[in-house]
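A quick write-up on the structure given underneath.
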Amino acid sequence: RVKSGDPKNPDSFKTRRGKVGGYRDYFDDAQVVAVDRLVEGLDPVFGYTPGTPPVDAVSVVKGSAAR
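See the structure below:
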């Protein structure tokens, strides 16, 4: 059963919202820059490309994502 480590803190659950690009809501600007730099080094075969906005994963699965 999933339960919060701190019932008063919604961010303490063992799961997150699943929002594409949602990590930006949890990090400060310097941390976002660091994560973005890491993404630049990832293999583009998996769809990671620098400078592209997050794509809705559901749209990708359904084949309707705009790039």
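In this text, residue positions in the sequence shown follow my numbering: the first is 1454, and each later residue adds one.
Every residue gets a Cβ at the ideal spot worked out from N, C-alpha and C, and that includes glycine.
Here the structure is a predicted model, which means the values were calculated and not measured.
Inset, instruction - Would you kindly work out how many angstroms separate the C-alpha atoms of V1486 and D1464, rounded to a whole number? - result: 22 Å
Legend entry - Simplified DSSP assignment, three categories, for D1489: helix
Inset, instruction - Answer with buried or exposed for R1520, where buried requires no fewer than 16 other C-beta atoms within 10 angstroms of its C-beta. - result: Since pLDDT at R1520 reaches only 48, below the 50 mark, its modelled position is unreliable, and no value is offered.
Inset, instruction - In angstroms with no decimal places, state the Cα-to-Cα distance between Y1501 and D1489. - result: 10 Å
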